[in-house]
Structure formats: structure tokens, C-alpha cells
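If you read the sequence shown in UniProt numbering, its first letter stands for residue 1, the second for the next number, and so on. Here the structure comes first, spelled out in C-alpha cells, and everything after it is commentary.
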Amino acid sequence: MAGRSSIKTEMSSGGTHPDTCPQCPAGSSPSVPHEDAVAMHKFAILLACICVAAAQRGFSPVEDYGPPIPYSFNYASQDAEGSHTHEQSGDGSGRVTGRYTINLADGRTRTVTYTADENGYRAEVVTNEQGTESKNPADVIFQSSALPGPEAAIQNEPNRLRG
Numbered sequence: 001m002a003g004r005s006s007i008k009t010e011m012s013s014g015g016t017h018p019d020t021c022p023q024c025p026a027g028s029s030p031s032v033p034h035e036d037a038v039a040m041h042k043f044a045i046l047l048a049c050i051c052v053a054a055a056q057r058g059f060s061p062v063e064d065y066g067p068p069i070p071y072s073f074n075y076a077s078q079d080a081e082g083s084h085t086h087e088q089s090g091d092g093s094g095r096v097t098g099r100y101t102i103n104l105a106d107g108r109t110r111t112v113t114y115t116a117d118e119n120g121y122r123a124e125v126v127t128n129e130q131g132t133e134s135k136n137p138a139d140v141i142f143q144s145s146a147l148p149g150p151e152a153a154i155q156n157e158p159n160r161l162r163g
């Protein structure tokens, strides 16, 4: 065959692969022996199949529970440490309201009245527990003198890293 070299390429299996291989395009020289290329292709296909199978495991069909069903419950319990009551109801639109009360034997009490609806979860807590104040934690105002984001990182870098 004119125009083709008769140089042989060493293969990892110890054999040789002629550069005048009929499977190679005319005028080209194989950089990877065919056996190694086939093995790489098989490995790539196997890896792709494993990735597809693994990705499918994380997906499950969405369960349709239908519209909310109205309900209500209540209970009360009493023991040596105190008492606990709870009542809750939900309507057909997804609105939930309730109240629970804890009365401990040492005189501490807590009553939580709550609502969960399209406006989120809101609760009112009435308690005589030590360490509590009549403040709404959602109204906290932060007054920080710390530098924000990247400026804080640059400010806190060791001097040896500054340019």
C-alpha cells in the first residue's frame, strides 16, 4: 500500500499494532491500539449506565394526597410533674389552628396559641418561665460593625498573604 508507513506501535498487551491497519483511516496513525480503545469505550458505556441507574434511584413519583381534609383533636395528660393539654383543628383549605398548655408542678406555665395558613406560621406564647421577656424575636434589629463578605475575608487575612 503506497503512502502508508510500516512502523509498528507497541500495545499494552505486549503485542504490536501495524500502523497500516485496514481499520484506521487512510494516512492516519493510531495513537491508541484498537483493543485498548474498545476497552475504553466499553468502560465509558458501563460508567454511563451506572450513572443513569444511580440518578433514577433518587426520583420517586409525586404522591397526590388530595385536598386537605377537615379534622380536630384534643387531649390532656396529668402526672406528678404537671399537666399538658393540646387541641388542634384544620379546615379544608389548609388552615391549622391550635393551642397547647404546659403547667409544671413547680408553678411554671406556658400556653402557645398558633395558626398556620397561607400567611405562614404564627404563634403567641404566654409564659412565666425564667429567662423569657415580652419581646418578639422576629423584631430583632442587628447593628453590626463587622465588614461584609469579601472585605471581611481580606481584613482577616494574615499579613504574610497580603500583596
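Don't be surprised by glycine CBs; every beta carbon is placed ideally from N, CA and C.
In this structure, Glu81 and Ala105 form a Cβ contact; the two beta carbons are roughly 6 Å apart against a cut-off of 8 Å. For Gly98, the enclosing beta strand (DSSP E) stretches over residues 96-104.
About 20 Å separates the beta carbons of Asn136 and Thr109, which is beyond the 8 Å limit, so they are not a contact pair. In this structure the stretch 96-104 touches the stretch 113-124; the number of beta carbon pairs closer than 8 Å is three or more. Relative to Asp91, the option among His84, Ala76, Pro70, Tyr75 whose CA is nearest is Pro70.
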